[in-house]
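Protein sequence lines correspond, in order, to chains A and B.
Every letter in the first sequence is one number past the one before it in this note's numbering, and letter 70, counting from 1, is 70.
Every letter in the second sequence is one number past the one before it in this note's numbering, and letter 165, counting from 1, is 320.
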Amino acid sequence: MKQLILLLLLVCSTSLWAGVEVHTFENPAQEQQYNRLIAELRCLVCQNQNLADSNAELAQDLRQEVYEMIQNGATDQEIINFMVARYGDFVLYRPPFKATTAFLWVGPFIILIAGFVILLLVIRKRRQAAAVELDDAAQARAQQLLNDTNETDTP
Amino acid sequence: MWRYLVPLGIFIVLVVFLSIGLKLNPRDVPSPLIGKAAPAFSLPRLQQADQTISPADFKGRVWLLNVWASWCVSCRVEHPVLNQLARTGEVPILGLNYKDGRDEAIQWLRERGDPYTASAFDEDGRVGIDWGVYGVPETFVIDKKGNIRYKHTGPVDQKAVMEKIMPLVRTLEKEPA
């Protein structure tokens, strides 16, 4: 019975494959290029997915576009330029470094450095607070306090 | 004093950033096509399949391109606004019927009214890709020279027409062809 259910589940699961497009490539290099590009390009409809993950219609169309361009011998850069010309730097998961994206690239490091600076300042302040210089009077009083407790504690 | 001012300062900065972030529309991706020539195409018309329509037909005029589809729910929201805009006759609207079925699209216009000077039938969405379409509806303003000057993503409302699109169209009308 268990086997029968498993078999049934297995048969059902093949319908998953209906949604997967099958692309045939002339050589492995092209297939690699295709997989690399659709992993690098962002889907504009579901913005936190790349073209490879997204099943939005636009993503399907753009995958087809990438596929056809590869078939026509386009280089990575040509395909990326094609996408950027239409959708802007937003389609790239790794946008180029320029004025509009500078903060995106440098921002995290600035915040990291600022964090370190604050940490160092705090540590230094703590050290200074710990190393309090005692003048002679304070020293004598401290000694007396210590002596007092010693006398009362010892029988 | 500083002990209280520093956290307060950080808190205010955070509030400012977060409130800006709340107001931003993440779907509003700036189009790289603004200021560039409108991508050329020649597509069959929706209602007259044997005739073609192209941006070149609007050369010398300020016009709008509106991307729509009968399957697009937000298009129903903006449609009355477009109908009203078309009635003023101030600016021609070219419809780009995006990845739609011809019969459904024609039926849709029959039921809701047709604000378009003409509709281009982009069945496979290739022209949509050239125009950087990623969310229907989208509306572009094109100047007399054939350059894209403005893009509105999502349904156009009365406010967008009154405050953005029509003032821009009127300014562009004054530019030489």
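Don't be surprised by glycine CBs; every beta carbon is placed ideally from N, CA and C.
It should be emphasised that the depicted structure is a prediction, and the values quoted were computed from it without experimental measurement.
With 16 as the cutoff for other CB atoms within 10 Å, does residue i come out buried or exposed?
i, result
"residue 6 (chain A)", "exposed"
"residue 133 (chain A)", "exposed"
"residue 186 (chain B)", "buried"
"residue 44 (chain A)", "buried"
"residue 171 (chain B)", "exposed"
"residue 1 (chain A)", "exposed"
"residue 72 (chain A)", "exposed"
"residue 76 (chain A)", "exposed"
"residue 294 (chain B)", "buried"
"residue 269 (chain B)", "buried"
"residue 264 (chain B)", "buried"
"residue 320 (chain B)", "buried"
"residue 17 (chain A)", "Low per-residue confidence applies at residue 17 (chain A): pLDDT is 48, beneath 50, and the placement is therefore not dependable, though the value from the model is reported in the following sentence. Exposed, because fewer than 16 other Cβ atoms sit within 10 Å of the Cβ of residue 17 (chain A)."
Please report the straight-line C-alpha distance between residue i and residue j, rounded to a whole angstrom.
i, j, result
"residue 316 (chain B)", "residue 284 (chain B)", "25 Å"
"residue 130 (chain A)", "residue 144 (chain A)", "22 Å"
"residue 191 (chain B)", "residue 303 (chain B)", "6 Å"
"residue 89 (chain A)", "residue 227 (chain B)", "26 Å"
"residue 213 (chain B)", "residue 68 (chain A)", "31 Å"
"residue 148 (chain A)", "residue 141 (chain A)", "10 Å"
"residue 117 (chain A)", "residue 329 (chain B)", "56 Å"
"residue 114 (chain A)", "residue 99 (chain A)", "22 Å"
"residue 199 (chain B)", "residue 206 (chain B)", "6 Å"
"residue 240 (chain B)", "residue 298 (chain B)", "18 Å"
"residue 84 (chain A)", "residue 3 (chain A)", "52 Å"
"residue 156 (chain B)", "residue 139 (chain A)", "32 Å"
"residue 57 (chain A)", "residue 325 (chain B)", "36 Å"
"residue 124 (chain A)", "residue 95 (chain A)", "39 Å"
"residue 41 (chain A)", "residue 161 (chain B)", "41 Å"
"residue 66 (chain A)", "residue 282 (chain B)", "15 Å"
"residue 107 (chain A)", "residue 46 (chain A)", "25 Å"
"residue 254 (chain B)", "residue 204 (chain B)", "15 Å"
"residue 169 (chain B)", "residue 39 (chain A)", "33 Å"
"residue 91 (chain A)", "residue 258 (chain B)", "33 Å"
"residue 173 (chain B)", "residue 101 (chain A)", "19 Å"
"residue 318 (chain B)", "residue 126 (chain A)", "58 Å"
"residue 238 (chain B)", "residue 167 (chain B)", "45 Å"
"residue 82 (chain A)", "residue 164 (chain B)", "44 Å"
"residue 175 (chain B)", "residue 49 (chain A)", "24 Å"
"residue 177 (chain B)", "residue 232 (chain B)", "24 Å"
"residue 28 (chain A)", "residue 74 (chain A)", "15 Å"
"residue 128 (chain A)", "residue 103 (chain A)", "36 Å"
Quick one: what's got a C-beta closer than 8 Å to residue i's C-beta in the same chain, skipping five residues either side?
i, result
"residue 182 (chain B)", "290, 308, 309"
"residue 260 (chain B)", "201, 224, 225, 252, 274, 276"
"residue 124 (chain B)", "The structure shown does not extend to residue 124 (chain B), since chain B is modelled only from 156 to 332, so the question has no answer here."
"residue 15 (chain A)", "Confidence at residue 15 (chain A) is low in this model, with a pLDDT of 49, below 50, so its placement is unreliable and the value that follows should be read with caution. Result list for residue 15 (chain A): empty, nothing under 8 Å."
"residue 195 (chain B)", "209, 210, 211"
"residue 327 (chain B)", "217, 296, 298, 299, 304"
"residue 60 (chain A)", "21"
"residue 184 (chain B)", "289, 308"
Give a yes or no on whether the C-beta atoms belonging to residue i and residue j are separated by under 8 Å.
i, j, result
"residue 296 (chain B)", "residue 219 (chain B)", "yes"
"residue 280 (chain B)", "residue 193 (chain B)", "no"
"residue 271 (chain B)", "residue 250 (chain B)", "yes"
"residue 63 (chain A)", "residue 26 (chain A)", "no"
"residue 51 (chain A)", "residue 79 (chain A)", "no"
"residue 87 (chain A)", "residue 287 (chain B)", "yes"
"residue 332 (chain B)", "residue 244 (chain B)", "no"
"residue 246 (chain B)", "residue 311 (chain B)", "no"
Quick one: what's got a C-beta closer than 7 Å to residue i's C-beta in the same chain, skipping five residues either side?
i, result
"residue 267 (chain B)", "234"
"residue 97 (chain A)", "105"
"residue 197 (chain B)", "207, 209"
"residue 313 (chain B)", "236"
Here's a check: name, in chain order, each residue in its chain whose Cβ is nearer than 6 Å to the Cβ of residue i, leaving out the five neighbours to either side.
i, result
"residue 70 (chain A)", "30, 33, 34"
"residue 323 (chain B)", "296, 305"
"residue 221 (chain B)", "248, 250, 294"
"residue 230 (chain B)", "223, 292"
"residue 23 (chain A)", "67"
"residue 109 (chain A)", "none"
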